Amino acid sequence: MLKMQNIHTYYDNIHALKGINLNINKGEIVTLIGSNGAGKTTTLGTITGLLKPKEGKILYNDEDITCVQPGHIVKKGISLSPEGREVFPQLTVFDNLKLGAYTRSDKKEIDQSYEMVYELFPRLFERKTQIAKTLSGGEQQMLAIGRALMSKPEILLLDEPSLGLSPNLVLLIFELIKDINKLGMTILLVEQNAKMALKVADRGYVLETGKIIIEGNAKELLNDDRVKQAYLGNL
0 MLKMQNIHTY
10 YDNIHALKGI
20 NLNINKGEIV
30 TLIGSNGAGK
40 TTTLGTITGL
50 LKPKEGKILY
60 NDEDITCVQP
70 GHIVKKGISL
80 SPEGREVFPQ
90 LTVFDNLKLG
100 AYTRSDKKEI
110 DQSYEMVYEL
120 FPRLFERKTQ
130 IAKTLSGGEQ
140 QMLAIGRALM
150 SKPEILLLDE
160 PSLGLSPNLV
170 LLIFELIKDI
180 NKLGMTILLV
190 EQNAKMALKV
200 ADRGYVLETG
210 KIIIEGNAKE
220 LLNDDRVKQA
230 YLGNL
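Numbering (numbering that gives the first Met the number 0), first residue to last: 0 to 234.
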């Protein structure tokens, strides 16, 4: 469904991604784990067209999208919930969600997406007229994911969805990720919480200084001594 082939991405003279090869199949949850600065967010930025690779190719449903502009990437069915939530702070919950559907025109289908989001996140329905900046951190994360879902994506990219949340909210967010996947959504999950990410994922990739160093079945990676030592600690 989505393939990155030998992707090299730079920030000015910094070689951030060094020959990334990544494959996501329809219906999967795939996780990308690694420490700060490993290149996880850069990978998502490259997929979404915010960054252009200097080398390599990105295929989505066998179409080359390497040089496609970000707005057209969204229209094609790839949506990002960014790190740090990045909700529109002065707008209401409803208006944030409405902006997520900016590429769509069918009102009936958009209304169905509102219903889906409110069913997944009842708290957003309760607070739909509330200004986004007044929401709790967990509610803002729900809003960021909900907004990404409003574009009706085939692939949902999640960048550090558990960052800064309390342990109870982390558990809730990961349960919601599984619920979204059960609706038929393919998910690429970028996470520093490697243990939780690998528990919900089908497959995983470990990124280190811009290179994929380990890949495989998520449950096998949970028991891989290299992954345990580097990312799981004594958990």
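Glycine included, C-beta positions come from ideal geometry on N, C-alpha and C. Computed from a predicted structure; not experimentally measured.
Residue 22 (DSSP reduced to helix, strand or coil): Reduced to three states, the DSSP call for residue 22 is strand.
Taking DSSP's pairing of strands, which residues face residue 62 in a bridge? In the DSSP output, where bridge partners are listed per residue, residue 62 has 59.
Which residue's Cα is closest to the Cα of residue 26: 176, 213 and 211? Comparing Cα positions, the closest option is 176.
So for residue 131, helix, strand or coil by DSSP? Reduced to three states, the DSSP call for residue 131 is helix.
Using the beta-carbon count (16 or more within 10 Å), is residue 233 buried or exposed? Unreliable positioning characterises residue 233 in this predicted model, as indicated by a pLDDT of 45, which lies under 50. The coordinate reading is nonetheless provided below. Exposed, because fewer than 16 other Cβ atoms sit within 10 Å of the Cβ of residue 233.
As assigned by DSSP and simplified to three states, the class of residue 211: The three-state reading of DSSP puts residue 211 in strand, counting E and B together.
Residue 86 and residue 143 closer than 8 Å at C-beta: Contact flag set, yes.
Inter-residue spacing [alpha-carbon to alpha-carbon] between residue 97 and residue 79: Going from the Cα of residue 97 to the Cα of residue 79 covers about 15 Å.
So the alpha helix (DSSP H) residue 94 belongs to, where does it begin and stop? Residue 94 -> alpha helix (DSSP H) spans 92-99.
For residue 206, list the residues DSSP reports as bridge partners. Residue 206 pairs with 211.
To the nearest angstrom, report how far apart residue 190 and residue 209 are at their CA atoms. Linking residue 190 to residue 209 through their CA atoms gives a straight-line distance of about 15 Å.
Pick out whichever of 4, 105 and 219 has its Cα sitting closest to the Cα of residue 201. When each option's Cα is compared against that of residue 201, the closest is 219.
Would you identify the three-state DSSP class for residue 177, choosing helix, strand or coil? Helix at residue 177.
Does the Cβ of residue 108 have 16 or more other Cβ atoms within 10 Å, making it buried, or fewer, making it exposed? Around the C-beta of residue 108, fewer than 16 other C-beta atoms lie within 10 Å, and the residue is accordingly described as exposed.
In three-state DSSP terms, what is residue 169? In this structure, residue 169 counts as helix in the three-state DSSP scheme.
So, for residue 204: in the same chain, excluding its five sequence neighbours on each side, which residues have a beta-carbon less than 8 Å away from its beta-carbon? Its chain contains 21, 29, 30, 31, 32, 211, 213 and 214 as the residues whose beta carbon lies nearer than 8 Å to that of residue 204, once the 5 sequence neighbours on both sides are disregarded; these appear in chain order.
For residue 78: DSSP bridge partner residues: Residue 78 is bridged to 155.
C-beta contact flag for residue 45 and residue 16 at 8 Å: Taking 8 Å as the Cβ cut-off, residue 45 and residue 16 qualify as a contacting pair.
Extent of the continuous alpha helix (DSSP H) to which residue 218 belongs: Note, residue 218: alpha helix (DSSP H), 217-221.
Leaving out five residues on either side along the sequence, give the residues of the same chain with a beta carbon under 7 Å from the beta carbon of residue 41. For residue 41, where only same-chain residues beyond five positions count, the Cβ hits under 7 Å are 8, 15, 16 and 50.
Straight-line Cα distance separating residue 124 from residue 150: Between residue 150 and residue 124, the C-alpha separation is close to 18 Å.
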